[in-house]
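Report on the following structure.
Numbering (the numbering used here), first residue to last: 937 to 1017.
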């Protein structure tokens, strides 16, 4: 099972890199893709409409953090040009 969404949120709030890989090569964005697929699958099948709120919140945190990292990287690249 996944780690605590609250802990992930704290790490992301402190600028943890969502692109960093585990020793197995898994990134937080890979987890996001898996969760998103799970949500889409559950939404497509009648009777499986419940979405775990903490997992959904984690997905949103990951997307927001990834966008901030990309924005910072683009800003750094533009200032060094």
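Virtual Cβ for every residue (Gly too), placed ideally from N, Cα, C.
None of these values were measured; they are calculated from a predicted model.
Consult DSSP for residue 966 and reduce its assignment to one of helix, strand or coil.
Of the three classes helix, strand and coil, the one that applies to residue 966 here is helix, per DSSP.
Quick check: the Cα distance between residue 1002 and residue 1012, rounded to an integer number of angstroms?
Distance between the alpha carbons of residue 1002 and residue 1012 is about 15 Å.
Cut-off 7 Å between Cβ atoms - residues of its own chain near residue 956, not counting five sequence neighbours on either side
963.
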